[in-house]
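See structure below.
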Amino acid sequence: MFKRSNSFTPSRGNMLNTLPKPPNRTRHRSKISNFSKESQLNIEQGKIISKEQGEIEFGITCINCQEIVPENLIESHSKYCTTISEEVFKVDGSTEIEQFEFRIKKMINFLKDKELQSNYRPTEKNIISVLQKVCKNLLSSNKTASKELNIEVRKYIEAMLEKFKASLSLRIYAERLLLLCKEQLAVLYRIDQKPSEIKMKEEIENREGVYTKKTDIKEKLIIRTNTNKIVSDSEKIANVNSDISSSQTFNSGFSSISDIKESDLCMIENLNDLESNLSSFNYSQEELQKYFYSKCLELKLKYSSKKMVKLIPVAKLYSKVIENNMPAQEWAEFIEEELKNPEKWVVKEKKRCQKSKLRNDQKSQQFESIIEEDL
């Protein structure tokens, strides 16, 4: 971890020891205070001009190729980059870790191009090389899924932004890296979800798919049954109209009905197979309870801004679900609805505490009266 001192010296054994020290605050204070009123006016108008090096260029991310394009090249770049590239399509279909790695590499390439430009002072080129090393450390934490290294990098960037003042464009690149660092940490925490919870969700989705298939087969069976009735009614009408063709119609009708019955039997057998598959998705009470508690914890974090949410007893929520015989697919919706209105649970809990306190007071009074009578 980094020591919060004026010298910005990292502790020994740190993976970021290769990074140079961020510049001192006092070193740039005089230069910043020397900006003229005209420069301050340009800053307010959105045009950043330095007295020494002229206009500063900003990099804008292209929505099609995801390249960071300098401000002065945006017009020429937009003429030939008009559609989303195949590389971006592939990245969109990849994992979050791969998407993050793609964005970091784009940032490294952009900083390398910046380092070769001549309009930057030596101190600013040093800062650009520091930002490149920060990007490489983020890549290594991405490959090893190291949250500790990510946190160290984030603290380093925050200290650098707090203690030194460089050109606005370089500060923006540092803030972009800080944002990427926070996004990466959130991704790493999501990946660390319990495998059992993920497996439970997949099995519930599979069970929902089996229920859907069962419903579709029942609907087809009902349609076939209604078709059989229509066929038999039409055959009776044909028998009344013509005695000669009645026997032929009866024979043909008999063969078609027997065919339909055979297909219905096959469909019923498929239904039985599906029901036997559904019985295989049986979970123990303990597994269901674990899943319910993890879902409560996940949604409580979502509504953590509400103070009363923490006071809701999870055990009572689970008891209510079991009493109402609620299917697992509806648990998330039920929990979220209860967390949106936590006041009723808190009021119930307070009333219960008051009643128990009143009972204890009554018992103590009875005990005192018994002692007085004995005396």
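The numbering used here applies: residue 1051 is where the sequence shown begins, and numbers increase by one.
Each residue gets a CB set at the ideal place from its N, CA and C atoms; glycine is no exception.
Quantities reported herein were computed from a predicted structural model and do not represent experimental measurements.
Cβ-based neighbour list, residue i, same chain, cut-off 6 angstroms, excluding 5 preceding and 5 following
i, result
"L1250", "According to the sequence displayed, residue 1250 carries Met and not Leu. Here the set comprises Y1341."
"E1125", "none"
"L1425", "With a pLDDT of only 48 at L1425, under 50, the local geometry of the prediction cannot be trusted, and no value is derived from it."
"L1230", "none"
Where the alpha helix (DSSP H) through residue i begins and ends
i, result
"I1201", "1197-1213"
"P1172", "1172-1194"
"Y1239", "1218-1241"
"S1344", "1335-1352"
"K1164", "1146-1165"
Three-state class that DSSP yields for residue i in the structure shown
i, result
"G1109", "strand"
"I1362", "coil"
"R1079", "Only weak support is given to the placement of R1079: the predicted model assigns it a pLDDT of 38, under 50, and the question is left unresolved by the model."
Whole-angstrom distance between residue j and residue i, CA atom to CA atom
i, j, result
"R1171", "S1190", "29 angstroms"
"T1133", "N1169", "32 angstroms"
"K1345", "I1147", "25 angstroms"
"L1123", "C1115", "14 angstroms"
"E1137", "W1381", "40 angstroms"
"I1267", "F1384", "30 angstroms"
"M1376", "K1356", "26 angstroms"
"Q1167", "S1179", "13 angstroms"
"K1370", "T1262", "27 angstroms"
"M1358", "M1157", "43 angstroms"
"I1113", "E1225", "20 angstroms"
Start-to-end residues for the beta strand (DSSP E) that takes in residue i
i, result
"K1134", "It should be noted that the sequence gives Ile, not Lys, for residue 1134. Neither: I1134 is in no beta strand (DSSP E) and is coded neither H nor E."
"P1392", "Note, P1392: premise wrong, no beta strand (DSSP E); not H, not E."
"P1377", "From DSSP, P1377 is part of no beta strand (DSSP E); its letter is neither H nor E."
Residues of its chain near residue i, where Cβ-Cβ distance is below 8 angstroms and the 5 sequence neighbours each way are ignored
i, result
"E1388", "I1362, L1367, W1395"
"I1154", "C1185, L1188, L1189, N1192, L1230"
Whole-angstrom C-beta distance between residue j and residue i, which should lie under 8 angstroms
i, j, result
"R1204", "K1164", "That belief does not hold up - the Cβ atoms of R1204 and K1164 are roughly 22 angstroms apart, past 8 angstroms."
"L1007", "K1197", "The structure shown does not extend to residue 1007, since the chain is modelled only from 1051 through 1425, so no value can be given for it."
"I1207", "L1235", "At roughly 12 angstroms, the Cβ-Cβ gap does not stay under 8 angstroms, so I1207 and L1235 are not in contact."
"I1118", "F1160", "4 angstroms"
"L1349", "E1393", "L1349 to E1393, Cβ: 17 angstroms. No contact."
Cutoff 7 angstroms; reference residue i; Cβ partners in own chain excluding five residues on either side
i, result
"Q1379", "I1254, E1258"
"Y1343", "V1364"
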